[in-house]
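Chains as they are written, first to last, in my numbering: chain A, 2 to 431; chain B, 217 to 346; chain C, 3 to 259; chain D, -7 to 558. One structure is given below, encoded as structure tokens.
Shown next as structure tokens:
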């Protein structure tokens, strides 16, 4: 048995890099330092053994060669292919995906569009006052969690970076640090907050506006309650924010998925801008998938846009709402799909799944997923962080090498995509 | 009764995410969290099933009392069940209204479907395994 | 005068959108011009998508009228950069109709999809049906939506109508969705029906709402009653999270308390 | 064995003191050689100005901050979009183009080596990932130390050898090239929203001053025998009256190296401001240039501003926030724990804006008032002063008073009262412009011995052939020809292969990453220092074992080894 220390967990945007694994005979026996979700990911079983293809409504086993050729044929045959997913794979594979899309003339989008896509739209309007997570750990005496529930979605966030993490300027973090939680329901995270602000559903924008007005000295105009929050509480929270030495606002899909979408996030950013005239304040989106931020980084340096990039006309075009996966599927605007590192059949509205059913679909995934049911072929690959390695970007933009713990015969995402890409170049005579 | 429908991540849903056709995932993603007083108004006991209808579809879920919710709001974890009733409209932003849908909820004696059953109903072909 | 009739043909994979920014009056002045449209990654001759009939002659764009017939509801970018003349769409039209237009008229008998008249700075768009989201808005990351011209919508508008509007005029005869006039800087927006959360972060411009403004934002100051065209309205200044130099007039309003 | 012969080239190579000679250049296996027999390829360079490949010694092209500039600016991407064609990948963007966009545009201007000006070591992996997709230039990265806690503590404790050990560990862990200080001490103070205003103001919590950081870092840098000197972005960037701070800084700089400067002072235009507010803002380029002329230990780059839209980005977080309060456009900030900060805002420099017109003038004044071109490098701090595609215009402005006067006429009418530019008659010569765009960079970066910036036998065959006939071109009058000629080469040759021909790039990739690996005695090896390792694991949010960038991130790499004198 071998103990491997400081491994990186490939589940959520925290990318905890202090995981210990016990490994024997090419199998992971146990994990240490992981949260429940991370542990489940490392201990995952039931990998697909070989590529499969749907023939006359039934699944048959095929070889990798046949799978690659079929994938290339389906994609090259399309007038508007959609390459979706990417957050569950490493950066090197995402780069191959972009190159592939350049010659395919398709649309490439990541799960960003259904998590923090709206945050990016807001950042594109007003920017992003942020910092790395260690900066928060070492300095922040006020933490705000807005529309997020780290105890369930990012289970080690509070112990590694915020509430319970001691830092250079805070040697007893738990006592010296205040935590405010803003949500429409009393989540597990809300239960441990010093201050819980319960907002009516759809009321985030109004509450953020009210806070901005108070910070700007216009508190007199604020009515007694705003979206379920009393003026007294708003004044108190505004005061906590203005008088802290370092405030860190973390926000989740509670803002991005609610009514108003990115305009909520824009208002939060402008609140933080305003607070920086009084003290130090930063803002960080709680990114979900372990490498969703990496997909945004790779897409940005390769195409100029962080997600939802349409290459149909050869040059890159970007317009979320039009070039995003949900909209394209719901409007039936693609005629082939390649899905990698995500499971849209589980996470997309039914109307989108119906178009997946009616369109040729290639799935690249180690496990049988819900999207498998609608695929024409599926190609199993190694899991990054277990039997493959590559680069990922943490929710705060820190690039981390995700290492592998064991060897397997599965190709990595990069290897299989490179084979598909090379074959495409060959078929197109490039 | 009218409710606002909210969805999100739960730790159990996250734990079972790599085996979505298993029992754990099926259980977790088909629970409908409701405030206990709303359950009283609905005349539904915890553990009984409710039928949730939106503009675009309907789904059977199991009621679970949750005092953390405000009255008038229900919460369901991400998964294929909640997506049966979520509209694909993104208001030009790329993002559906996962956090806010108006729904109608009533008691039902119908059984919950498993994810595999929903997939098959949609025309999917489950891979039997190897 | 020149009349160009473009009748949409039936096509394979009809749900795939067509991009046809070549359809502007000026382009038809050049008799030698070859017209291409795009279906996904395939560049097609315009005749593969439309029956094209051209009658008469014209010396300037103003003398050209284009009529689009048939199902054009997913044909995008018609009238982009249009600088004169007239386009009549007998049915519905796809996204980005009239982007960047500076002069001329577009009339849509049916509905219009999102981004109608995005970043337009002159001319007139009249839509008899409903429009989707972002009518007269800006582009991602840009500071300004429409800066001039006029958009009139006889039906309802979707969300984010007149987003970042910086000039010109928009009239919505039906209801507007959520957040009309958000981040508006200048120009005028009239909504005859209802809407929710109008004019957040407004830094200038004017907005009239003759129905009910739901979820009125708390950072507008109620400046008292007045009347517009003999309709009693409440006058608000705001938005005070921004410069507070805008004006909103509402016949009725409700807060989210 | 691939060989190339360039015949009848009109060569200017200041390092070799060649000032316009017609000669043949032979290349074998990517290096310049004495002669080749039966070359595989022959280029007739008759009438072409032939120079060593261009070197940009201060540009922002790769890494976290640059990429955030892209991420937040879809409006910038509306320009410069091209599709995949031949060996060229798709590109987008104007002031913050995609990596391919940067690489192709630099290549068509004859640039073959680029120094990324500011890399936070914690985010080094990102910079190297982008280097991989900047395929036609050799890349190097300045590594940020301005707010490094371990370095600040060593300086506070007066332990300069430990400081050198810390620098050595970070440089080799980050696969970095040089020591960069951005607003030293200011970025740490910005961690709590503060800044420092002069080099003698103590930094909160650490009790040392920016002067302590600068002087100690220079000494430690020289102890490590690194190719490049300390590379400094002075305190107080962009503030009226900051020239005093700049002069104070220069007066504190020791002369410790006889091969090159001891301090590289970057984007000095932004640090040469007089006045007490924006109302009486004026140029102090004369004072700064006089100081530089007196001090061979200092080399500067100009940080020229050119008019139009661009994006500003720097590790200087507090400065960007001030700029945001001035412009009210969008603002991004990204503090990096234990190390540094950064900020980004888009700007639009306008001719009719008095402040902008003065800034433009100051950059040119510096270029004309510093006597030696070896001490004054041409750069725009891309994209802060302007996107690098404006370099040919800057060259033409420096070479032609006519052009300067014509441009000056179009500026805000009060500009003449605040600057002395119109009184400067100097027109830079061909040799001087060549020096300021490659030779001085090679010397300043310590790359001459690595075969860069010259065409001597054994040098890297990085060569730019411009369609400029020097004999028939008078730069003072034909400035349009200067601009066009330097904008697009006939041939750009990288490592002996044509990578760009008339603006079309013809190879997918041909580049290396240069990084330094200073060897220190075991007592100063932080990789085995328990206090360092413990402190690291306690305060960083990443384990020390996961921090160093592995060689798998840098394809073809050149490791520049040095022995420290500790």
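By construction, the Cβ of each residue, glycine as well, lies at the ideal position given by its N, Cα and C atoms. In this text the structure is predicted, and so the values were computed from the model without any measurement.
#### Entry: Cβ pair residue 211 (chain C), residue 253 (chain C) closer than 9 angstroms
Yes, the Cβ-Cβ distance between residue 211 (chain C) and residue 253 (chain C) is below 9 angstroms.
### Query
Is residue 336 (chain D) helix, strand or coil when you go by DSSP?
Annotated three-state conformation of residue 336 (chain D) is strand, per DSSP.
### Query
If you drop the 5 nearest sequence neighbours on each side, which residues of the same chain put their C-beta closer than 8 angstroms to that of residue 287 (chain D)?
Same-chain partners within the cutoff: 242, 245 and 247.
### Task
Tell me whether the beta-carbon of residue 49 (chain D) lies closer than 9 angstroms to the beta-carbon of residue 327 (chain D).
For residue 49 (chain D) and residue 327 (chain D), no; Cβs fall outside 9 angstroms.
### Residues of its chain near residue 557 (chain D), where Cβ-Cβ distance is below 7 angstroms and the 5 sequence neighbours each way are ignored
If we look at residue 557 (chain D) and ignore the five residues flanking it on each side, its Cβ neighbours are 215 and 217.
### Task
Could you confirm whether any beta carbon from chain D is found closer than 9 angstroms to the beta carbon of residue 45 (chain C)?
Proximity of residue 45 (chain C) to chain D, defined by a Cβ-Cβ separation below 9 angstroms, is not satisfied.
### Message
Does residue 509 (chain D) pass the burial test, meaning 16 or more other C-beta atoms within 10 Å, or should it be called exposed?
### Response
Residue 509 (chain D) is exposed by the Cβ-count criterion.
### Query
In chain D, which residues lie less than 8 angstroms from residue 141 (chain C) when you measure between Cβ atoms?
Residues of chain D passing the Cβ test: 66, 67 and 70.
### Query
Which of the three DSSP states, helix, strand or coil, is assigned to residue 222 (chain D)?
DSSP, reduced to helix, strand and coil, places residue 222 (chain D) within a strand of the structure shown.
### Query
Does any CB atom of chain A fall closer than 9 angstroms to the CB of residue 94 (chain C)?
No, residue 94 (chain C) does not count as interfacial toward chain A.
### Task
Report back the beta-carbon spacing between residue 356 (chain D) and residue 403 (chain D) to the nearest angstrom; my notes put them in contact at under 8 angstroms.
Actually they are not in contact, since the Cβ atoms of residue 356 (chain D) and residue 403 (chain D) sit about 12 angstroms apart, beyond 8 angstroms.
### Query
Using a C-beta cutoff of 9 angstroms, does residue 339 (chain B) count as contacting chain C?
Contact of residue 339 (chain B) with chain C is not assigned, every C-beta pair being separated by 9 angstroms or more.
### Query
Which value, in whole angstroms, describes the spacing of the CA atoms of residue 74 (chain C) and residue 80 (chain A)?
Residue 80 (chain A) has its alpha-carbon roughly 19 angstroms from the corresponding atom of residue 74 (chain C).
### Task
Please report the residue range of the beta strand (DSSP E) in which residue 287 (chain D) lies.
Segment: none, residue 287 (chain D) is in no beta strand (DSSP E) and carries neither H nor E.
#### Entry: Euclidean distance between Cα positions of residue 220 (chain A) and residue 266 (chain A)
For residue 220 (chain A) and residue 266 (chain A), the distance between alpha carbons rounds to 21 angstroms.
### Task
Give a yes or no on whether the minimum CB-CB distance between residue 355 (chain A) and chain B is below 9 angstroms.
The C-beta of residue 355 (chain A) comes closer than 9 angstroms to at least one C-beta of chain B.
### Task
Can you say whether residue 1 (chain A) is buried or exposed, counting buried as having 16 or more other CB atoms within 10 angstroms of its CB?
This structure gives no information on residue 1 (chain A), because the portion of chain A shown stretches from 2 to 431.
### Query
How would you list, in chain order, the residues of chain D whose beta-carbon sits under 9 angstroms from the beta-carbon of residue 125 (chain A)?
Contact note: residue 125 (chain A) reaches chain D through 63, 64, 65, 66, 67 and 322, using a C-beta cutoff of 9 angstroms and chain order.
### Task
Round the Cβ separation of residue 405 (chain A) and residue 387 (chain A) to the nearest angstrom and send it over; I've been treating them as touching at under 8 angstroms.
Distance from residue 405 (chain A) to residue 387 (chain A) at the Cβ level is roughly 7 angstroms; contact confirmed, criterion being Cβ atoms closer than 8 angstroms.
### Task
Taking only beta-carbon positions, decide if residue 260 (chain A) is within less than 9 angstroms of chain C.
Taking Cβ atoms only, chain C reaches closer than 9 angstroms to residue 260 (chain A), which makes this a yes.
### Query
Which of the three DSSP states, helix, strand or coil, is assigned to residue 60 (chain D)?
Under the three-state reduction of DSSP output, residue 60 (chain D) falls in the helix class.
#### Entry: Proximal residues to residue 41 (chain C) (C-beta, below 6 angstroms), its chain only, five neighbours per side dropped
Taken in chain order, the residues that qualify are 18 and 20.
### Task
Look up residue 289 (chain B) in the DSSP assignment and say whether it is helix, strand or coil.
The answer is strand: DSSP assigns residue 289 (chain B) an E or B state.
### Query
Quick one: what does DSSP say residue 497 (chain D) is sitting in, helix, strand or coil?
Looking at residue 497 (chain D) - three-state DSSP - the assignment turns out to be strand.
### Task
Determine contact between the segment 122 to 132 of chain A and the segment 235 to 247 of chain B, defined as no fewer than three beta-carbon pairs at a distance below 8 angstroms.
Verdict: no, contact absent.
### Query
Would you say the segment 286 to 297 of chain A touches the segment 391 to 399 of chain A, given that touching needs at least three Cβ pairs under 8 angstroms?
Yes, they touch.
### Interface residues of chain D facing residue 307 (chain A) [CB-CB closer than 7 angstroms]
Near residue 307 (chain A) (Cβ distances below 7 angstroms), the residues of chain D are 63.
#### Entry: Neighbourhood of residue 242 (chain C) by C-beta distance below 6 angstroms, restricted to the same chain and skipping five residues each side
Around residue 242 (chain C): 221.
### Query
Which stretch, first to last residue, makes up the alpha helix (DSSP H) that contains residue 29 (chain D)?
DSSP places residue 29 (chain D) in no alpha helix (DSSP H); its state is neither H nor E.
### Residues bridged to residue 486 (chain D) (per DSSP)
D:489, per the DSSP bridge assignment.
### Task
Would you mind working out which of A:56, A:50, A:28 and A:10 sits nearest residue 39 (chain A), comparing C-alpha positions?
Taking only the C-alpha atoms, the option nearest residue 39 (chain A) is A:10.
### Query
When we look at the beta-carbon of residue 177 (chain A) and count the other beta-carbons within 10 Å, is it buried (16 or more) or exposed?
In summary, residue 177 (chain A) is exposed, with fewer than 16 beta-carbon neighbours lying within 10 Å of its beta-carbon over all protein chains present.
### Message
Here's the rule I'm using: 16 or more other beta-carbon atoms within 10 Å means buried, otherwise exposed. How should residue 68 (chain D) be labelled?
### Response
That one is buried.
### residue 190 (chain C): first and last residue of the uninterrupted beta strand (DSSP E) it sits in
Here the beta strand (DSSP E) through residue 190 (chain C) covers 188 to 193.
### Message
Whole angstroms are fine: how far does the CA of residue 165 (chain D) sit from the CA of residue 539 (chain D)?
### Response
Taking the straight line from one Cα to the other gives about 7 angstroms.
### Query
In terms of residues, what are the limits of the alpha helix (DSSP H) holding residue 296 (chain B)?
Note, residue 296 (chain B): alpha helix (DSSP H), 296 to 299.
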